[in-house]
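Below: one structure, written as structure tokens.
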Amino acid sequence: MSSLAVIVVSFNTRDLLRDCLRSIFSSTLAALTVIVVDNASHDGSADMVRAEFPQAILLEPGENLGFTKANNLALKTLGFPLTPSPVHPFTPSPLHPLTPSDFVLLLNPDTQLPPDTLSRMVDFMDSTPSAGACGAHLRYGDGSFQHGAFRFPSLAQVIIDLFPVHRLPGGHRLLDSGLNGRYSPRLWEKGEPFVVDFVLGAAIMVRGEAVAQTGGLDEGFFMYCEEMDWCLRLTEAGWPVYALPHAQVIHFEGQSSKQVPWASFVQLWRSRFRFYAKHPARYGPVHDGALRLILKIWLGQQRRDAQRRFGRDEITGVQLDAELAAYAAVSDL
0 MSSLAVIVVS
10 FNTRDLLRDC
20 LRSIFSSTLA
30 ALTVIVVDNA
40 SHDGSADMVR
50 AEFPQAILLE
60 PGENLGFTKA
70 NNLALKTLGF
80 PLTPSPVHPF
90 TPSPLHPLTP
100 SDFVLLLNPD
110 TQLPPDTLSR
120 MVDFMDSTPS
130 AGACGAHLRY
140 GDGSFQHGAF
150 RFPSLAQVII
160 DLFPVHRLPG
170 GHRLLDSGLN
180 GRYSPRLWEK
190 GEPFVVDFVL
200 GAAIMVRGEA
210 VAQTGGLDEG
220 FFMYCEEMDW
230 CLRLTEAGWP
240 VYALPHAQVI
250 HFEGQSSKQV
260 PWASFVQLWR
270 SRFRFYAKHP
280 ARYGPVHDGA
290 LRLILKIWLG
300 QQRRDAQRRF
310 GRDEITGVQL
320 DAELAAYAAV
330 SDL
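Now the structure itself:
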């Protein structure tokens, strides 16, 4: 039977984490190792894991490592030969002698799994030895469809993301289109696995052999774009990435990043620019120049809008300063 390790990185999401772990341990899959990396939460998350889920392996690095370093810490704990990190070395406890698993699932704490999801994902990876990774069929907390697989970003996607093109005649159709990096919901409705550019890191299962070959996540990404970069590297190494309509995951989305929205906004753009710079064959100087021009126009609009909202007493001076500081930080990237 193939083995699976589930890695959950948490930052101040205690109650969501509890529900997530309950769903994992209710899985029909037997060969299961669960590692929780607590990124210095101050809401009692680590104490909750120790008290309620002693079967989970809890790692506490003592600071917020971010998504990538925390996941890589867990991967190294599992014995995967990743590039050693100069900080936070970890020696597995003799109580948990770990070896690399056949598959690894990176799972957000703001998710819940139906009992058969892990079995469905492992069964697919077992039956498709060429697959390097797969992503689940994500749904919001109310059960509605959530895009969980995307095409690699383009300038068209940036424009659709930043500007209100949905207000144009027929513009709403662009939101779910390939121009906006989306795969048609009809592909998910067919129920058959299909190859995609990348899947969200909220629930991505990667073959252990592919993890070892690609070296895990790039720790230059604190958060955002790391799964996009990993999926591109997997694909370039000959490991296609699949979306699985028949394996569902409930995703409440963005609970950690909501705690620091403007810092998250800056981090998003920092990660985007890092991704573009890492892959010059796909995103060259022309792309970079056009992107920066588009972003400059949008940031100017946002600054003026923030000033208007402040003038109407819709935001405080402190809020205005935080917003303008974020726009300035992105302009300087």
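Under numbering that gives the first Met the number 0, the sequence shown has 218 at position 219, and the numbering climbs by one with no breaks. Using N, Cα and C, we set each Cβ at its ideal position, and we do this for glycine too.
As assigned by DSSP and simplified to three states, the class of residue i
| i | result |
| --- | --- |
| Gly134 | strand |
| Asp320 | helix |
| Asp125 | helix |
| Ser183 | coil |
| Gln247 | strand |
| Phe66 | helix |
| Ala30 | coil |
| Phe309 | helix |
| Phe264 | helix |
| Phe149 | strand |
| Gln300 | helix |
Burial state of residue i (16 or more Cβ within 10 Å)
| i | result |
| --- | --- |
| Pro88 | Low per-residue confidence applies at Pro88: pLDDT is 42, beneath 50, and the placement is therefore not dependable, though the value from the model is reported in the following sentence. Exposed, by the Cβ-count rule. |
| Ile296 | exposed |
| Asp14 | exposed |
| Val35 | buried |
| Arg307 | exposed |
| Lys189 | exposed |
| Val7 | buried |
| Gln300 | exposed |
| Asp331 | exposed |
| Asp37 | buried |
Beta-carbon separation (whole angstroms), residue i vs residue j, contact threshold 8 Å
| i | j | result |
| --- | --- | --- |
| Met222 | Gly65 | 5 Å |
| Pro113 | Gln247 | 6 Å |
| Leu57 | Arg49 | 6 Å |
| Ala30 | Ala132 | The pair is not a contact, with the Cβ atoms about 19 Å apart (cut-off 8 Å). |
For residue i: DSSP bridge partner residues
| i | result |
| --- | --- |
| Phe272 | DSSP, once it has assigned bridges, lists no residue as partnering Phe272. |
| Met204 | Leu104, Cys133 |
| Thr12 | Its beta-bridge partners do not exist; DSSP assigns none. |
| Val195 | Val240 |
Do three or more CB pairs link the region 15–28 to the region 123–139 at distances below 8 Å? no
Answer yes if the region 280–298 comes into contact with the region 236–243, meaning at least three C-beta pairs across the two stretches below 8 Å, and no otherwise. no
Can we say the region 166–182 touches the region 98–105, given the rule of at least three CB pairs closer than 8 Å? no
Determine, using beta-carbon pairs with one atom in the region 147–158 and one in the region 191–199, whether at least three such pairs fall under 8 Å. yes
Should the region 71–79 be called in touch with the region 207–214, which here means at least 3 C-beta pairs below 8 Å? yes
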